[in-house]
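Data block below; observations after.
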Amino acid sequence: AADKEVKIGVLYPLTGGAAAAGRVLRAGAELAAEIANQQMSGIDMDMAKNAGVKSMGGAKIVLIVKDHQGNPQLGADLAKKLIKDDKVAGILGCYHSSVTKTVSAVCERYGVPMINGSSTSPALTTRDFKWFWRTTPHDKWFTKDLFELLIGLTEGKVKGVKAVPRQELNILAAACEKTEWGSHVSEEIKNFAGEYKFELAVNLLYAAKSPDLSSEVQSMIAPKPGAMLFASYASDAILMVKTLKSLKAKPKLIWGQDAGFDKPEFREMGADIEGILTRSVFLPSVARVKKVSGQVNELFKQKNGVDLDGASARSFTGLQTWVYVLEKAGSSDPKAIQKACNEITIPGDQLVVPWAGVKFENVGGETGQNVLGMGLIGQYQMQKDGKIGLEIVYPFNLATADMIYPIKGF
Amino acid sequence: MEALFLAMFKALVAGLLMGLVFALVALGLTIIFGVMDVVNFAHGEFLMVGMYATLLTAPLLGVDPVLTLPFSALVGAGLGVLCYHGLIRHLLRGPTIAQLFGTFGLMLFLRNLALMIMGSEPMIVHQGILVGKSFVVGPGIVLGATKLAAAALSLGAFWGAWWLIDRTKTGKALTATSLDKEAAMYMGISTERVNALAWALGGASVAVAGGLLVNFWPVDPNVGLLFTMIAFATVALGGFGSIKGALVAGVLIGMIVQAPPVWDAMLRLVGSDAAEGFTIHSLKYTFVYLIYFLIMVVRPQGLFGWKQ
Amino acid sequence: MEAIRNAFDFSDFPRLDMTVAGAALVFLLAFPALPHSSFAMATMIQFLMFSLYGMGWNTIGGYAGQVDLGKAQYVGIGAYTTAVMMVRWDVPFWVSMPVGMALAVGWSFIIGYPLFKLKGHYFAIATIATSLVLKDLFEVWDFVGGAKGLELPLRGNFPDFLYLQFREDYYYFYILLAMFLAGLLFINGFRHSRLGYQLRAIKDNEDVARSLGINVHWCKIKAYAVATAYVAMVGSFHACYNFNIEPEDTMSLDLSVLIAMMAMLGGAGSLWGPIIGASILVPMRSYLGSWLGGQAGLAGLDLVIYGAIIMLIAAVQPRGVWGMVEAVRGRRRGV
Amino acid sequence: MALLEVREVSKDFGGLRANDRISFQVGADEVVGLIGPNGAGKTTLFNCVAGYYPVSGGQVFFDGQDITPLKDFQVCRLGLARTFQIFQASGDLSVAENVMVGAFVRTGSRRKARAKAEEWLEFLGIADAGGLMLSELPVARQKRVALATALASDPKLLLLDEVAAGLNAAEVDGLVKLLTRIHREKGLALLLTEHVMEMVMALSHRVVVLESGRKIAEGEPAQVVKDPEVIRAYLGDHLVSGENGHA
Amino acid sequence: MLEIKDLVVSYAGLPVLQGVSLKVEKGQAVSVVGSNGAGKSTLLKAVMGRARVSSGRAVFRGQDLAGLRTEKIVRLGLVYVPEDRKLFKPLSVEENLKLGAFIVDDPAQVQGRLEYVYELFPRLAERRQQAAGSMSGGEQQMLAIGRGLMSGPKLLMLDEPSLGLAPLMVSEVFETVRRLRQEGLTVLLVEQNVREALELTDHGYILQTGRIRQEGPSSDLLRSDMVREAFLGM
Ligand SMILES: Nc1ncnc2c1ncn2[C@@H]1O[C@H](COP(=O)(O)OP(=O)(O)OP(=O)(O)O)[C@@H](O)[C@H]1O
Ligand SMILES: Nc1ncnc2c1ncn2[C@@H]1O[C@H](COP(=O)(O)OP(=O)(O)OP(=O)(O)O)[C@@H](O)[C@H]1O
Ligand SMILES: [Mg+2]
Ligand SMILES: [Mg+2]
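Protein chains in written order, with this note's numbering: chain C, 1 to 410; chain U, 411 to 718; chain Z, 719 to 1053; chain S, 1054 to 1300; chain L, 1301 to 1534.
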């Protein structure tokens, strides 16, 4: 029957500091639901071929979107509402790792499945939860990607760059914001720097949303680092680059851990950010190497006027995973969904993100983590149309352009 | 050793600049505080309004953002007068706490109105004579154009405020009203107009600050938060109502905020082992509040305060 | 003995007040049995928490007239004590809560001593500063998880009365309601106590108060400690209820202001003020948020309305809602 | 031993010496008037005695104890109460509650404090005002409440700073009678400053005269008002010729 | 010069003035006397626009004062020295005096008045730089009167100027008032000090519980039985 439906609760920050991210996150999930609910010929995905969840008699996916404002307490309250009042089959969300934590604790208590597509705190999947799965790779992987790239540079593996002498890059300086997320990243940077034998001369945490970053930048440029690494949200990222410029910093390479470094308003700085690297899970240039990504991106752009980005693509993938899991479970019974989650494998060709697929496994002390995910590192480069855009430089085999190295500095 | 001195000198310069910026932002708060004894929680939101005013009008008029500052001032003054007549006047009938929750409401209102209209993405001026410029004046000593301009404006504005309050009749009216409203009335001073004037001045000065800052600082609806607490600390440290105090306190706070690089340089001098792991950057504002607190305990009326 | 009699003495309120209060109590007791959405239940729990926060704040901010905008640091101390003790040493809530209260009160004495040398706005801003300092320190202190915060382990067997882990919210509700009633009675006794009267004398005129043998500084510190104990108690509860705490959500300036807001908006210095304030602000915030916040294009509208209503109340009656009631009655009655 | 002994007390404000080595005593059953021109240092002396100001020199003994280093609230607990010349009450407490605060100096019990407050309000003839807020009363009645509050703290010595200011002759009369009763029935020592000479003359056993911070005369009231020095500094000539400043 | 007609003022529903009428002619000195809480201060405050008038009106030099702001009234030449003095406590004596001349624009005139006040009250001249709040009660009263004179008022309203003054000082203040009056200043005096006040003025009003009980030439009042009994304790 066509009137059947499956309700999924979606929790994103639609107001507050991360409202901008919330908007595209929501748009990503909504697009995925739309594709799942209709037959769409132009898209090479299994879920586009069916109208609704076939195994559940064509049940339509209905999203119930709530705004948690970045507030963990509110997130938990809304999760209860979704579970008890709206009787959702499960939950997607929540972007902020801190909110994801409280919401997943509610889900765990009620035995309701939750799939997380966009929180990257490594801690989330180390809690032995039975009702929590995460599709996105997390900060540990992303940070590792960075060090792989650095090593790659010294070994001449990077497209368009000759092998760089190790000592040129040996000194690193990092600044991460003092939040749940930033301090995790900072820790990972420290660990990997040790593992890959780089000298991390400066590794500082700074007070997020601070009106002045000049002291941070002063300290970072003092040891003359080869690479500068950052974990910052939007306004800090912009202020950081502005400050780097005004203090005439001259690193060979700048890398940002997504977030602020991947925002449209960051791009507006144009030539100033040419050469800056950012990790991501999705860049529009993926469309060039992956057809289905291009198709979905077109659709997304039609609707929202902007390209898919890391946030929207992951949100899309999160909901897509929900659809495939439901398809496999054939019912909205929590136990069935739990079983389906633990057994499912979604092949990589189904996804907009350039991953090998989605498969949750319990390895290395982690539970419910997708082990087939993968990060990207993009670099801002001037496009032919004079606009700044991101080109993939890592993984090496997906590189879409020659890497600019060293950056010209400020 | 030389490196340490250089770091100290750099920090001194940077601290002075940043301190003047803090002082500039706090000036409007001091004026309002001084005259009316009102804590304006929405001070940072006035700053935000000034930032948006410049950000939006510069491309519209096709002029350099710096030239839109008078317009920002106008917007700020208008907003100040509006707030005074629409809200503050009524709050003054009640106890002090009414100001706190009334202006807190104002803060929520303005901030989220901006969110509805402007969205939450940070925005910044991309073109203008101040954008992206900086001057090298010594080994590693660089002065950013925006900060330099803000510092100059700050000095100018403080001189202006001092002149107004100390040398003019309007200033006398401001002082009298701030001390005792009823008595001021008996002197023939129009206290309503003086209060509105204080809000207009306060609003204009912080909005101009905003218009200038947006050349370097990105603006988003939450930007007020960054500066409000610092402005509060600046004004209280200087002593409520003291123009000179706000200037000195602003510079002092600017210096405190620049301490971490000096600390780092010192650790590097002592040996890299110590430098490992202990950075104080994440605590730089903590020191601001801590030192603020310590000074206040010793001097409960602030550095230059006489009112209590 | 007299202290107990004082706690139950509501004779200075007119009959109407007590009828309304009685009806409200019956409603609260019966609430879980009435048909309600889970969101309503969650909102109700928030209401009780913020009432208690507000009651605590009222002792220092209302009765003693010292505007304290740094209460969140004690929420943090309470919450972290419970969380750390549970995570590290498996200590049940009923042990860690009093420990948290004791630690918070201890800390309140340490900073209260210098703090109360300041007056008026200087005091208010200094309280903000102390709270921010503590929050910043917690954010870099690894023992308590730093900026990453602490997550309480789910123990798995529900309901767990020792560790306050329940699946259904009405357990939390009743436990909190018991705290609420105890808290209310204590405050009622407090305002009838010598300290209560002395604080109000201090609020009137400190010089006169001192001339009447009142050690103003010490009385303020005591009131501050009482306020702290309330706030820390709810903080401990918050940790168990929320399962995850971070410096940002337990110790932020926003929370401090919100706590003060309950009493200020309801009517600072009156017994019912914080409860009235919480009963207006908490539901308004949740429901405006859930109705308007989720709608496309209306992001922020709920908070615009919320802010406007706060401004309106402040402008119409700067003494808060209870001030309106008193204005209608024509005279100040009951404190 | 006198109840209060002021020994060589001095008080400086910056360059200004407001009290200059002032000495005098108040016996346990005595009423002493402290007079002097405006700015002579009377209020300042009160403030020094009551522990409100730290003294710049000298000592104050009360009931055989050196109270010089004590703070005002400690002094009050020893049994030395005072009223203020100028005070503002923002009005959170009703009249009865105000007086109760005074009574709380001696008891922790609300019941006892209330009883004590009612007793004093009755005694001072303002029982009908018990439920009003202080700010709703005329100034003279506010002063009476302040008196009741001070009395409720069970003092041995009461310092009164211009409680008769703003009263007309008839009202001054009433106050004199009242204070006399208090002094007699409750056995309280009084130290009062007043510009209303009827009051000083009618009540005081002894009068101390200050001028520019120094004690210029001390003695029985009738003698003191004849002292030419006092007339020059304080009373003015026309007073001697039979008229006085207050009708 | 000032005419008050049927003025009614209440605080929170409680009538304090219940229809008070009063007249002050140019060059006259008029006193209003009455016991505590009779509403004397309220009367002056109502004239100054500082108390809510429920009915009746006050006319000053042909201008209805209803609805005028206090500062406007001051600019008309009606100056009020309140009972509680309302000094700018942290400011110096001289600054207080200068603020008294706020509505005067001519600096020379201000200087002249300043000297006049210093001559009137030499104690103020001695304490030019002292903070007003740290002066003794009597000194503060002198400052308050002096400040009131600084704007060159047409009508000076003094609310209990003798409050808290030493006997010598009281006669000095009254002497000053007498002198001001001789210099042609119109004065409305509210006093507790009934005899002195009546001796000083031409015309007197007895205010009791919000109503004028008796009025007439001061000399008549001084002789009336009612005044002698109620206020002079005879
Ligand atoms: N703000 C107020 N609120 C309520 N009642 C007031 C207020 N101000 C004055 N009153 C009352 O109005 C009455 C008249 O007061 P007013 O001050 O005019 O008296 P007065 O004749 O000047 O007395 P005094 O000799 O004490 O100066 C008094 O009973 C007083 O309690
Ligand atoms: N805190 C202070 N700082 C500076 N000077 C002060 C202070 N308090 C009082 N004085 C000065 O000390 C002198 C004595 O003042 P005090 O108030 O003791 O006088 P008084 O005898 O009580 O006068 P009055 O009868 O007018 O009340 C005055 O000249 C006064 O200006
Ligand atoms: Mg005195
Ligand atoms: Mg009066």
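By construction, the Cβ of each residue, glycine as well, lies at the ideal position given by its N, Cα and C atoms. Values in this document were obtained by computation on a predicted structure and should not be read as measured data.
Closer than 7 Å to a non-hydrogen atom of ligand 3 - does that hold for the CB of U:Gly425? no
Contained alpha helix (DSSP H) runs [length at least 4] in the region 625-666 of chain U, N- to C-terminal order: 633-648
Alpha helix (DSSP H) containing U:Asp674: first to last residue? Ala669 to Val680
Which word fits C:Lys178, buried or exposed, when buried means at least 16 other C-beta atoms lie within 10 angstroms of its C-beta? buried
In terms of residue numbering, what span does the beta strand (DSSP E) encompassing Z:Met982 cover? Careful: Z:Met982 lies outside any beta strand (DSSP E), inside the alpha helix (DSSP H) at Leu971 to Gly984.
What does a CB cutoff of less than 7 Å around S:Lys1095 pick up in its chain, not counting 5 residues either side in sequence? Leu1087, Gly1089, Thr1246 and Leu1263
Provide the residue span of the alpha helix (DSSP H) that contains C:Asp128, from first to last. Looking at the DSSP string, C:Asp128 is not in any alpha helix (DSSP H), and its letter there is neither H nor E.
Is the beta carbon of S:Thr1096 within less than 7 Å of some heavy atom of ligand 3? yes
Just how far apart, CA to CA, sit L:Ile1304 and L:Met1348? 12 Å
DSSP state of U:Ile539, grouped into three classes? coil
What do you get for Z:Trp812, buried or exposed, if any count of 16 or more other CB atoms within 10 angstroms of its CB means buried? exposed
Leaving out five residues on either side along the sequence, give the residues of the same chain with a beta carbon under 7 Å from the beta carbon of Z:Leu894. Ile763, Leu766, Met767 and Phe955
Return yes when the Cβ of Z:Ser974 is within less than 8 Å of the Cβ of Z:Ser849, no when it is not. yes
Give the interface partners of L:Leu1391 over in chain U, defined as CB-CB distance under 9 Å, in chain order. Thr585, Ala586 and Leu589
Considering only the beta carbon of each residue, do U:Ile486 and U:Leu497 sit closer than 8 Å? Correcting the residue type first, residue 486 of chain U is Gly in the shown sequence and not Ile. No. Outside cutoff.
So, for L:Leu1387: in the same chain, excluding its five sequence neighbours on each side, which residues have a beta-carbon less than 8 Å away from its beta-carbon? Asn1396, Ala1432, Gly1433, Gln1440, Leu1443, Ala1444 and Arg1447
Please state the DSSP three-state secondary structure of C:Tyr12. strand
Alpha-carbon to alpha-carbon, Z:Gln883 and Z:Ala748: 22 Å
Rounded Cβ spacing between Z:Met951 and Z:Met803 (contact assumed at less than 8 Å): That belief does not hold up - the Cβ atoms of Z:Met951 and Z:Met803 are roughly 15 Å apart, past 8 Å.
Within 8 Å, do at least three Cβ pairs link the region 382-393 of chain C to the region 430-445 of chain U? no
Considering only the alpha carbon of each residue, which of L:Gly1377, L:Arg1350 and L:Ser1335 lies closest to L:Arg1528? L:Ser1335
Along the chain, where does the alpha helix (DSSP H) containing Z:Tyr892 start, and where does it finish? Asp887 to His910
Proximal residues of chain U, C-beta to C-beta of L:Arg1375 below 9 Å: Gly598
State yes or no: is the C-beta of U:Ser652 within less than 8 Å of the C-beta of U:Phe703? no
Does U:Lys717 get closer than 8 Å to chain C when you measure Cβ to Cβ? Only weak support exists for where U:Lys717 lies, its pLDDT of 49 falling under 50; the value from the coordinates is given anyway. No - not a single Cβ of chain C is within 8 Å of the one on U:Lys717.
May I ask you to check if the CB of L:Asp1384 is nearer than 7 Å to at least one heavy atom of ligand 3? no
According to DSSP, simplified to helix, strand and coil, what is Z:Gly794? helix
When you compare each of L:Arg1428, L:Glu1499, L:Arg1350 and L:Glu1371 to L:Ser1392 by their alpha carbons, which one comes out closest? L:Arg1428
By how many angstroms is the C-alpha of S:Arg1194 removed from the C-alpha of S:Val1229? 15 Å
CB-CB under 6 Å to Z:Pro877, same chain, minus the five flanking residues each way: which ones, in chain order? Phe884 and Tyr889
Separation of U:Val445 from Z:Arg806, as counted between CA atoms: 53 Å
Give me, in chain order, the residues of the same chain whose beta-carbon lies closer than 7 Å to that of C:Leu63; leave out the 5 immediate sequence neighbours on both sides. Ile8, Val10, Ala29, Glu30 and Ala33
Quick one: is U:Gly566 buried, meaning 16 or more other Cβ sit within 10 Å of its Cβ, or exposed? exposed
Rounded C-alpha distance that separates C:Val306 from C:Gln383: 17 Å
Helix, strand or coil at C:Trp133 [DSSP, three-state]: strand
Please determine, among S:Ser1265, S:Phe1137, S:Asn1091 and S:Gly1110, the residue with the shortest C-alpha to C-alpha distance to L:Ala1466. S:Asn1091
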